[in-house]
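Residue 275 in the UniProt record's numbering sits at position 275 of the sequence shown; the count goes up by one each step and never skips. Where is the CB? At the ideal position from N, CA and C, for every residue including glycine. None of these values were measured; they are calculated from a predicted model. In what follows, a single structure is set out as structure tokens and then discussed.
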Amino acid sequence: MKELQHLNKYFLKYKGQLIIGILITIVARIFLLFTPRLVKNIFVVVENYKNNLVTSNRTIQSELGEIILYIIGAAIIAGILTFFMRQTLINISRYIEFDLKNEVYQHYQKLSLKFYKNNRTGDLMNRISEDVGRVRMYVGPAIMYSINTVTLFVIALIYMFNEAPSLTLYTIVPLPILSVIIYKLSKEIHKRSTIVQQYLSHLSSSTQESFSGISIIKAYGIEAQTSADFNELSQTSKEKQLSLVRVSSLFFPMMILLIGISNLIVIYVGGLQYINGEIESLGTIAEFIIYVNMLTWPVATVGWVTSIVQQAEASQKRINEFLKITPDITNPTIEPSDITGNIEFKNVHFTYSDTNIEALKGVSFTLEHGKSLAIIGKTGSGKSTILDLIGRLYDIEKGQLLIDNTPIDKLNLTSLRDSIGYVPQDAFLFSDTINNNIKFGKEDATDEEVIQAAKYAQVHKNIIGFNKGYETILGERGITLSGGQKQRISIARAIIKDPKILLLDDSLSAVDTETEEKILNHLNNLSKGKTTIIVSHRVSSAKNADKIIVLDEGKIVQSGSHEALINVDGYYKHLYLKQLSETSNTDNLNS
Numbered sequence: 001m002k003e004l005q006h007l008n009k010y011f012l013k014y015k016g017q018l019i020i021g022i023l024i025t026i027v028a029r030i031f032l033l034f035t036p037r038l039v040k041n042i043f044v045v046v047e048n049y050k051n052n053l054v055t056s057n058r059t060i061q062s063e064l065g066e067i068i069l070y071i072i073g074a075a076i077i078a079g080i081l082t083f084f085m086r087q088t089l090i091n092i093s094r095y096i097e098f099d100l101k102n103e104v105y106q107h108y109q110k111l112s113l114k115f116y117k118n119n120r121t122g123d124l125m126n127r128i129s130e131d132v133g134r135v136r137m138y139v140g141p142a143i144m145y146s147i148n149t150v151t152l153f154v155i156a157l158i159y160m161f162n163e164a165p166s167l168t169l170y171t172i173v174p175l176p177i178l179s180v181i182i183y184k185l186s187k188e189i190h191k192r193s194t195i196v197q198q199y200l201s202h203l204s205s206s207t208q209e210s211f212s213g214i215s216i217i218k219a220y221g222i223e224a225q226t227s228a229d230f231n232e233l234s235q236t237s238k239e240k241q242l243s244l245v246r247v248s249s250l251f252f253p254m255m256i257l258l259i260g261i262s263n264l265i266v267i268y269v270g271g272l273q274y275i276n277g278e279i280e281s282l283g284t285i286a287e288f289i290i291y292v293n294m295l296t297w298p299v300a301t302v303g304w305v306t307s308i309v310q311q312a313e314a315s316q317k318r319i320n321e322f323l324k325i326t327p328d329i330t331n332p333t334i335e336p337s338d339i340t341g342n343i344e345f346k347n348v349h350f351t352y353s354d355t356n357i358e359a360l361k362g363v364s365f366t367l368e369h370g371k372s373l374a375i376i377g378k379t380g381s382g383k384s385t386i387l388d389l390i391g392r393l394y395d396i397e398k399g400q401l402l403i404d405n406t407p408i409d410k411l412n413l414t415s416l417r418d419s420i421g422y423v424p425q426d427a428f429l430f431s432d433t434i435n436n437n438i439k440f441g442k443e444d445a446t447d448e449e450v451i452q453a454a455k456y457a458q459v460h461k462n463i464i465g466f467n468k469g470y471e472t473i474l475g476e477r478g479i480t481l482s483g484g485q486k487q488r489i490s491i492a493r494a495i496i497k498d499p500k501i502l503l504l505d506d507s508l509s510a511v512d513t514e515t516e517e518k519i520l521n522h523l524n525n526l527s528k529g530k531t532t533i534i535v536s537h538r539v540s541s542a543k544n545a546d547k548i549i550v551l552d553e554g555k556i557v558q559s560g561s562h563e564a565l566i567n568v569d570g571y572y573k574h575l576y577l578k579q580l581s582e583t584s585n586t587d588n589l590n591s
């Protein structure tokens, strides 16, 4: 139960409703337990009439009718209260489920990219859905039935002891045996529940990856192999589930057996005591049989509740594992930071912890507010890493990164990222309308602003060609669009934000040179007064920048303007001549 202590804060939050639910439960059980005593009274009335012990003028029909009305009334009140009990306690479980999902999701949002590189998406989804669902069963049905069972047992045992103490003791003899069985089986359930949850995560991860990479699976013709792998994993998961079910299924037969034994004890011992005159009426035996049968379901649910609690603890443990992870990137202050856009790298070093690749080795440069910088270099030279560090997706390990002469880790994180418009190398679009995907950069943007941003990004004509125009629903990750269309919509998303700092990570690689030129011309006009960094493999994207740096294996090997660099023998000049030659050859072929 240690892991489930995390939920105590939620119980305190809803303590008012919880107390009301408990009180309703107690009152409902009291009314329910009127029935056995009223049934005993029926036997007493009948016995009195049979033995001519009647002292009043009332008929047996009137007395029995009155008792029956009391039974019906008590049952109706107990039923109404039981309804409100369920409404109160089950509603609390839904509130806690809502709060816990939000807590997990918000914590996911705080965790750095390093965390997401080390954990699979399917596992993250399983913990926020399947695991939280199992925890809800604990805070809802499990607690409700536990309160119900304890209340019923306490009140029933008090009634039974007052009526026939020795018969009560005989009746509850099977209960210690029940406790031992629960203790033994619950330990095994806990162990097997943990294994089941782990395999459910594997299944979720495998399914998510298969659906996300379905185009690759089809292109390589490995559907059969993928299906076989999934079948093997699901088969193992099924075996683990069945292993858990085999243990859990022992509870109910055991409960029914022990309750049956209690009934036999009541009839046998109660009969002997009636014969010996130790109890006055057969109604007492009938009363005890009803008590025992009333306790049948609560006793049977002990096993079910125990199983739920064990599974919930296993799930909460998995949730807590992530909730205990301290975010690598934290917000140092709640005070907003005023970002202008001056950027300075001072001997910055950075190594990716998951691969131990040293991406940057002593990088230094300064970019003034309103100026543009182009970064050129081979694949893996550290270009994208510079942009990630400016957005503080990672923290540097050595050196200094200053924004407006302030260390980046001293700035308000929200203010920093709000001031940045970022177009990643791998354009990501959501399964939503094109309009909402562009508005992602500015949620309160008007339709006119969306259209204008799309025009600047040279994608407006493509969008209006779709059947539903800007209201076209995109597939997952924008799969219904071409690579160039996805990039241009991502650019429109960044433009509409009107950021202080604009970061473009090779975001024109999937468009033709003519479209690239048009987009760059618009960006040059729009980026006036903005700090702009363009990462590219194309000289055509970099040549108009105020400053160009060339990276090689994490180091700056060249720096200067386009005119200066093409006159110096080096990587930039060679790349320029190569691409110039390729462009000439393409033009000749087209002519």
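Three-state class that DSSP yields for residue 367 in the structure shown
The residue you call residue 367 lines up with position 367 of the sequence shown. Strand at residue 367.
- [ ] Report the residue from 498, 504, 430 and 569 whose alpha carbon sits nearest the alpha carbon of residue 472.
- [x] Reading the sequence shown from its first residue, position 472 is the one you call residue 472. Selected option, being the one with the closest Cα: 430.
Report task. List the whole-angstrom C-beta distance separating residue 512 from residue 536, where the pair is believed to meet the contact cut-off of C-beta under 8 Å. Result -> Counting from one through the sequence shown, the residue named residue 512 turns up at place 512. Counting from one through the sequence shown, the residue named residue 536 turns up at place 536. That pair is no contact at about 15 Å.
With a threshold of 16 other CB atoms inside 10 Å of the CB of residue 343, please say whether the residue is buried or exposed.
-> By 1-based counting over the sequence shown, the position of residue 343 is 343. With 16 or more Cβ atoms within 10 Å of its Cβ, residue 343 is classed as buried.
Q: Might you give, ordered along the chain, the residues of its own chain that have their beta carbon closer than 7 Å to the beta carbon of residue 458, omitting 5 neighbours on each side?
A: Here residue 458 refers to the residue found at position 458 when the sequence shown is read from its first residue. Take residue 458, set aside five residues on each side of it, and the residues of its chain with a beta-carbon closer than 7 Å to its own are 488, 515, 518 and 519, in chain order.
Where does the unbroken alpha helix (DSSP H) through residue 218 begin, and where does it stop?
Here residue 218 is taken as the residue at index 218 of the sequence shown, counted from 1. Residues 214-219.
Exercise. For the stretch 323-330 against the stretch 148-163, are there 3 or more C-beta pairs whose distance is under 8 Å?
Worked result: no
Is the beta carbon of residue 287 closer than 8 Å to that of residue 634? Here the chain has residues from 1 to 591 only, and residue 634 is not among them.
Notebook entry, point to check: How many whole angstroms separate the CB atoms of residue 391 and residue 346, which I take to be in contact at a CB cut-off of 8 Å?
Noted result: The residue you call residue 391 lines up with position 391 of the sequence shown. The residue you call residue 346 lines up with position 346 of the sequence shown. Rounded to the nearest angstrom, the Cβ distance from residue 391 to residue 346 is 18 Å, too far for a contact under 8 Å.
Boundaries (first-last residue) of the alpha helix (DSSP H) holding residue 248: By 1-based counting over the sequence shown, the position of residue 248 is 248. Taken as a continuous stretch (DSSP letters only), the alpha helix (DSSP H) holding residue 248 covers 223-248.
- [ ] State the DSSP-derived secondary structure class of residue 505, mapped to helix, strand or coil.
- [x] Within the sequence shown, the letter at position 505 stands for residue 505. Note: residue 505 maps to strand in three-state DSSP.
Exercise. Report yes if the CB atom of residue 420 is closer than 8 Å to the CB atom of residue 327, and no otherwise.
Key: If you number the sequence shown from 1, residue 420 lands on position 420. If you number the sequence shown from 1, residue 327 lands on position 327. Contact flag unset, no.
Just how far apart, CA to CA, sit residue 357 and residue 116? Reading the sequence shown from its first residue, position 357 is the one you call residue 357. Reading the sequence shown from its first residue, position 116 is the one you call residue 116. Taking the straight line from one Cα to the other gives about 17 Å.
If we count the other Cβ atoms within 10 Å of its Cβ and call it buried at 16 or more, is residue 591 buried or exposed?
For this step, residue 591 is matched to residue 591 along the sequence shown. In this prediction, residue 591 has a pLDDT of 49, which is less than 50 and means its spatial position is unreliable; nothing more can be read from the coordinates.
### Task
Report all residues from its chain with a CB closer than 6 Å to the CB of residue 135; omit the five preceding and five following residues, and keep chain order.
Within the sequence shown, numbered from 1, the residue matching residue 135 stands at position 135. Excluding residues within five positions, the ones whose Cβ falls inside 6 Å are 312, 315 and 316.
*Contacting residues, own chain, Cβ-Cβ under 6 Å from residue 597 (five flanking each side not counted)*: In the structure displayed, the chain extends from 1 to 591; residue 597 sits before or after that span and is not available.
**OP:** State buried or exposed for residue 350, treating a residue as buried only when at least 16 other CB atoms are found within 10 Å of its CB.
**Re:** Sequence index remark: in the sequence shown, residue 350 carries index 350 (1-based). When all chains shown are included, residue 350 counts as buried.
*Curious, which full-length alpha helix (DSSP H) runs of at least 4 residues does the stretch 5-36 contain?*
Runs of the alpha helix (DSSP H) lying entirely within the stretch 5-36, each at least 4 residues long, are 8-13 and 15-32 in chain order.
- Task: Return the CA-CA distance between residue 309 and residue 142, expressed in angstroms with no decimal places.
- Result: Numbered from 1 along the sequence shown, position 309 holds the residue referred to as residue 309. Numbered from 1 along the sequence shown, position 142 holds the residue referred to as residue 142. Straight-line spacing of the CA atoms in residue 309 and residue 142 works out to 7 Å.
Problem - Proximal residues to residue 273 (C-beta, below 8 Å), its chain only, five neighbours per side dropped - result: Sequence index remark: in the sequence shown, residue 273 carries index 273 (1-based). Taking residue 273 as the centre and dropping the five residues before and after it, the same chain places the C-beta of 164, 166, 167 and 279 closer than 8 Å to its C-beta, in chain order.
- Message: According to DSSP, residue 357 sits in a beta bridge with which residue or residues?
- Response: As a working mapping, residue 357 is identified with position 357 in the sequence shown. Per DSSP, 352.
*residue 591 in three-state terms, based on DSSP*: To locate residue 591, count along the sequence shown from 1; it is residue 591. With a pLDDT of 49 at residue 591, under the threshold of 50, the modelled position of this residue cannot be trusted, and the question is left open.
Answer yes if the stretch 86-98 comes into contact with the stretch 5-19, meaning at least three C-beta pairs across the two stretches below 8 Å, and no otherwise. yes
Per DSSP, the bridge partner or partners of residue 401:
Counting from 1 along the sequence shown, the entry for residue 401 is found at position 401. Answer by DSSP bridge pairing, in chain order: 345.
| task | Take the Cβ of residue 205 as the centre, count every other Cβ of all protein chains shown within 10 Å, and call the residue buried at 16 or more, exposed below. | result | Position 205 of the sequence shown, counted from the start, is the residue given in the question as residue 205. Buried, since its Cβ has 16 or more Cβ neighbours within 10 Å.
Rounded to a whole number of angstroms, what is the C-alpha to C-alpha distance between residue 27 and residue 81?
Numbered from its first residue, the sequence shown carries residue 27 at position 27. Numbered from its first residue, the sequence shown carries residue 81 at position 81. About 8 Å.
* To do: Alpha carbon to alpha carbon, how far is residue 154 from residue 65? Give it in angstroms, no decimals.
  => Within the sequence shown, numbered from 1, the residue matching residue 65 stands at position 65. Within the sequence shown, numbered from 1, the residue matching residue 154 stands at position 154. Roughly 30 Å between the two C-alpha positions.
**Request:** Quick one: give me the first and last residue of the alpha helix (DSSP H) that residue 385 is part of.
**Result:** For the purposes of this step, residue 385 is identified with residue 385 of the sequence shown, where counting begins at 1. Bounds of the alpha helix (DSSP H) holding residue 385 are 383-390.
> If you run the structure through DSSP and keep just helix, strand and coil, what is residue 557?
Replying inline: Along the sequence shown, read from residue 1 onward, the residue named residue 557 stands at position 557. Residue 557 falls in the strand class under three-state DSSP.
Assign residue 377 to one of three DSSP states: helix, strand, or coil. Here residue 377 corresponds to residue number 377 of the sequence shown, with the count starting at 1. Strand, per DSSP.
- Query: According to the Cβ coordinates, are residue 29 and residue 169 closer than 8 Å?
  - Reply: Against the sequence shown, residue 29 aligns to sequence position 29. Against the sequence shown, residue 169 aligns to sequence position 169. Not in contact: residue 29 and residue 169 (Cβ atoms no closer than 8 Å).
Inset, instruction - Whole angstroms is fine: what's the gap from residue 334's alpha carbon to residue 340's? - result: Taking the first residue of the sequence shown as position 1, residue 334 is located at position 334. Taking the first residue of the sequence shown as position 1, residue 340 is located at position 340. Rounded to the nearest angstrom, the two C-alpha atoms are 18 Å apart.
Cα-Cα, which of 196, 255 and 289 is closest to residue 243?
Walking along the sequence shown from the start, residue 243 turns up at place 243. Of 196, 255 and 289, the residue nearest in Cα terms is 196.
Taking contact to mean at least 3 C-beta pairs separated by less than 8 Å, is the stretch 543-559 in contact with the stretch 370-379? yes
* To do: Tell me, please, which residues DSSP counts as bridged to residue 551.
  => The sequence position of residue 551 within the sequence shown is 551, counting from 1. Paired residues: 377 and 556.
Could you check what DSSP says for residue 394 in three-state terms: helix, strand or coil? On the sequence shown, residue 394 is found 394 positions in, with the first residue counted as 1. Coil.
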